[in-house]
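Participant: In our numbering, the protein residues as written are 123 to 407.
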């Protein structure tokens, strides 16, 4: 671990103290997959770092996956469920994955992180600007023009976004329809191996596709034709990475099942290390 980097991170986290007075209180929603996760005792405690998860509307129609069940959930959610009340696509792997991740972040780094996540709705006034790190499981998102404009402003002000767990060209087209509203004039690029985001804490030149728990049943590490994993991104004019796209990877599952003996440890080890690097990058760039 790079000690000077972590001293910088501590200083950056200390600067976040001023945000606490404005952040919305903790809130929890019904999830898409399960609703039996114990609530950590620190869910209303102010910490240096909070993991924020982006809430968003479903794209109409849904997409395939989970051996067919995933697509069925997506179609039903888009047709009849209110995404602001949970159970739709933004809750994929939530909240177990988020809480397992923060256990690892607290264990592996000097960041004092809250063990509970924070769902963030772009329609809630200026709330998103109080959460400098934002994660989204973007398998089936559709941002409104107003939400896209708010997210663009958030990123321009120094916010950082990770988009994860979307597979195959159909999902890429759905994803890009919304990202193009956020960034109509910026290209999506493959993040080079030498980028600081792959080396700020752990050296991660040797990456491989992070398969989900579903791969234990299917016997393959990909779905919907998403054979090749990609770590793509969008940069600003100063070459700061503002948005990371973990395409054809199920990094959320690597956190969610980190304690499952049947789930391969190599996926959780890589998924957690990649995320620690991105958190460190977001807090220092």
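The beta-carbon is built from N, C-alpha and C at its ideal position, and this holds for glycine as well. This one's a predicted model, so the numbers in the text were calculated from it and none came from an experiment.
Just the C-alpha distance for residue 241 and residue 315, rounded to the nearest angstrom, thanks.
Facilitator: Straight-line Cα distance between these residues: approximately 31 Å.
Participant: Classify residue 271 as helix, strand or coil using the three-state DSSP reduction.
Facilitator: Residue 271 falls in the helix class under three-state DSSP.
Participant: Which of the three DSSP states, helix, strand or coil, is assigned to residue 394?
Facilitator: If DSSP states are grouped into helix, strand and coil, residue 394 belongs with the helices.
Participant: Report yes if the CB atom of residue 231 is closer than 8 Å to the CB atom of residue 285, and no otherwise.
Facilitator: It is not a contact, given that the beta carbons lie outside the stated cut-off.
Participant: With a threshold of 16 other CB atoms inside 10 Å of the CB of residue 403, please say whether the residue is buried or exposed.
Facilitator: By the 10 Å Cβ count, residue 403 comes out buried.
Participant: Could you tell me how far apart the beta carbons of residue 170 and residue 247 are, in whole angstroms, since I believe they sit closer than 8 Å?
Facilitator: That belief does not hold up - the Cβ atoms of residue 170 and residue 247 are roughly 24 Å apart, past 8 Å.
Participant: Whole angstroms is fine: what's the gap from residue 264's alpha carbon to residue 148's?
Facilitator: For residue 264 and residue 148, the distance between alpha carbons rounds to 25 Å.
Participant: For the alpha helix (DSSP H) that contains residue 373, what are its first and last residues?
Facilitator: Counting along the chain, the alpha helix (DSSP H) containing residue 373 begins and ends at 373-378.
Participant: To the nearest angstrom, report how far apart residue 219 and residue 178 are at their CA atoms.
Facilitator: If you take the alpha carbons of residue 219 and residue 178, they lie about 18 Å apart.
Participant: Report the rounded CA-to-CA distance for residue 323 versus residue 375, giving the unit in angstroms.
Facilitator: Distance between the alpha carbons of residue 323 and residue 375: 22 Å.
Participant: Closer than 7 Å: is that where the CB of residue 322 sits relative to any heavy atom of the ligand SAH?
Facilitator: Absence of the ligand SAH from the depicted structure is noted, as is the absence of any ligand whatsoever, leaving it without description.
Participant: Per DSSP, what kind of secondary structure is residue 265 in: helix, strand or coil?
Facilitator: Three-state DSSP puts residue 265 in coil, outside helix and strand.
Participant: With a threshold of 6 Å on Cβ separation, who are the neighbours of residue 358 within its own chain once the five nearest residues in sequence on each side are excluded?
Facilitator: Hits under 6 Å: 364.
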